[in-house]
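The structure appears right after this line, and notes come after that.
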Amino acid sequence: MRYLDSEFVGLLPAGRVGVVVELCCGTGEAYALVADRADYALGVDVSVQMLMRAQHRHPRLRVLQADATRLPLQDGIADMVLIHGGIHHVPDRLGLFREVSRILKRNGRFYFHEPVDDFWLWRLIRKLVYRVSPALDHTTEAPLRKASTFGNLTAAGLRPVAWKTRGLIGFCLFMNSDILIVNRAFRFVPGIRLITRAACRLDDWLSRFRGLESAGLIALGAAEKM
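Written out as structure tokens, the structure is:
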């Protein structure tokens, strides 16, 4: 996760980031990456329990319970909007992106970190995982696809400016320990930290091959309000 977070932070501007709104904030994972650079930050989620955890974890983060597709916020209030693993739980992607565009200032940017399944192998594996894992429900989530995501962003008045995918074999093996019980056993393997770091380096190397540049399991993207 530290590796993916560092890649995500690499998309963000240097220096102060102004007013930040994190949608589908959960415990404030995205806010944590810019907490020391934000002038003001608001976390929005439908879950009161998640908001309580976010505020306990980040006392400077203001929180608001709301539907991300119908935000009770004024137009043009945010310099930056962040979503860290929430888009794939929202069926109305266009509605979500329209709200992102509405609350952003002109030339403000939207940054996201989401599962993606443009690569055929990941679509196949996910079908198998959905069958064996009681923690997943295919009716409540859908990974992103680049073409449809770009189409919805553009229709909402957001110009895509970045899209890169990360995580291949190593990510598939070692992540999702909260979903796949077998993955939880890896923490007891001697030297697992070194093995995981080596897997990240292997994923980086593999992603440079033709045909694998956009085959990652996680999409890190950005769009600018037009």
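Take the sequence shown: its letter number 167 is residue 167 in the numbering used here, and every next letter is one higher.
Built from N, CA and C at the ideal position, the CB exists for glycine as well.
Take the Cβ of residue i as the centre, count every other Cβ of all protein chains shown within 10 Å, and call the residue buried at 16 or more, exposed below.
| i | result |
| --- | --- |
| Met-52 | exposed |
| Trp-163 | buried |
| Pro-115 | buried |
| His-56 | exposed |
| Met-1 | exposed |
| Asp-117 | buried |
| Arg-187 | exposed |
| Ser-209 | Sequence check: residue 209 is Phe here, not Ser. Exposed, by the Cβ-count rule. |
| Ser-6 | exposed |
| Arg-123 | exposed |
| Val-63 | buried |
Below 8 Å on the Cβ atoms is my contact criterion, and I expect residue i with residue j to pass it. Report the Cβ-Cβ distance as a whole number of Å.
| i | j | result |
| --- | --- | --- |
| His-89 | Thr-140 | 6 Å |
| Leu-12 | Val-48 | Leu-12 to Val-48, Cβ: 29 Å. No contact. |
| Leu-96 | Ala-68 | 6 Å |
| Cys-25 | Tyr-31 | 7 Å |
| Ala-66 | Thr-27 | Going by Cβ atoms, the distance from Ala-66 to Thr-27 rounds to 17 Å, so no, they are not a contact pair. |
| Ser-214 | Gly-157 | The Cβ separation is near 25 Å, so there is no contact. |
Can you name, in chain order, every residue of its own chain whose Cβ lies under 7 Å from the Cβ of residue i, other than the five neighbours on each side?
| i | result |
| --- | --- |
| Arg-159 | Ala-223, Glu-224, Met-226 |
| Glu-29 | His-84 |
| Val-21 | Leu-42, Val-44, Ala-78, Val-81, Ile-103 |
| Phe-112 | Ile-83, Ile-87, Gly-221 |
Tell me where the beta strand (DSSP E) around residue i begins and ends.
| i | result |
| --- | --- |
| Arg-159 | 158 to 166 |
| His-56 | Here His-56 belongs to no beta strand (DSSP E); instead the alpha helix (DSSP H) covers 48 to 57. |
| Leu-42 | 38 to 45 |
| Gly-18 | 18 to 23 |
| Leu-64 | 62 to 65 |
| Phe-112 | 104 to 115 |
By Cβ distance, which residues of its chain are closer than 8 Å to residue i, with the 5 residues on each side in sequence left out?
| i | result |
| --- | --- |
| Leu-206 | Leu-168, Ile-169, Leu-212 |
| Val-161 | Arg-109, Ala-222, Ala-223, Glu-224 |
Measure the alpha-carbon distance for residue i versus residue j and round it to whole angstroms.
| i | j | result |
| --- | --- | --- |
| Tyr-227 | Asp-203 | Coverage of the chain is limited to positions 1 through 226, which leaves residue 227 absent and any answer about it impossible. |
| Ala-78 | Ala-147 | 26 Å |
| Asn-152 | Lys-105 | 19 Å |
| Met-80 | Arg-166 | 22 Å |
| Ala-219 | Leu-121 | 16 Å |
| Thr-154 | Leu-61 | 30 Å |
| Arg-126 | Ala-185 | 20 Å |
| Met-175 | Cys-200 | 11 Å |
| Pro-190 | Leu-217 | 26 Å |
| Thr-196 | Phe-171 | 9 Å |
| Ala-198 | Ala-14 | 29 Å |
| Asn-183 | Leu-173 | 7 Å |
| Leu-128 | Gly-76 | 43 Å |
| Pro-72 | Leu-194 | 46 Å |
| Asp-36 | Phe-150 | 30 Å |
Between which two residues does the alpha helix (DSSP H) harbouring residue i extend?
| i | result |
| --- | --- |
| His-88 | Neither: His-88 is in no alpha helix (DSSP H) and is coded neither H nor E. |
| Glu-7 | 2 to 9 |
| Arg-201 | 192 to 206 |
| Leu-173 | 169 to 174 |
| Gly-151 | 146 to 155 |
| Glu-224 | Note, Glu-224: premise wrong, no alpha helix (DSSP H); beta strand (DSSP E) at 218 to 225. |
Grab me the residues of residue i's own chain with a C-beta within less than 6 Å of its C-beta, minus the 5 sequence neighbours each way, in chain order.
| i | result |
| --- | --- |
| Ala-38 | Val-17, Val-20 |
| Pro-143 | His-88, Pro-115, Val-116, Asp-117 |
| Phe-8 | His-113, Leu-220 |
| Asp-92 | Thr-69 |
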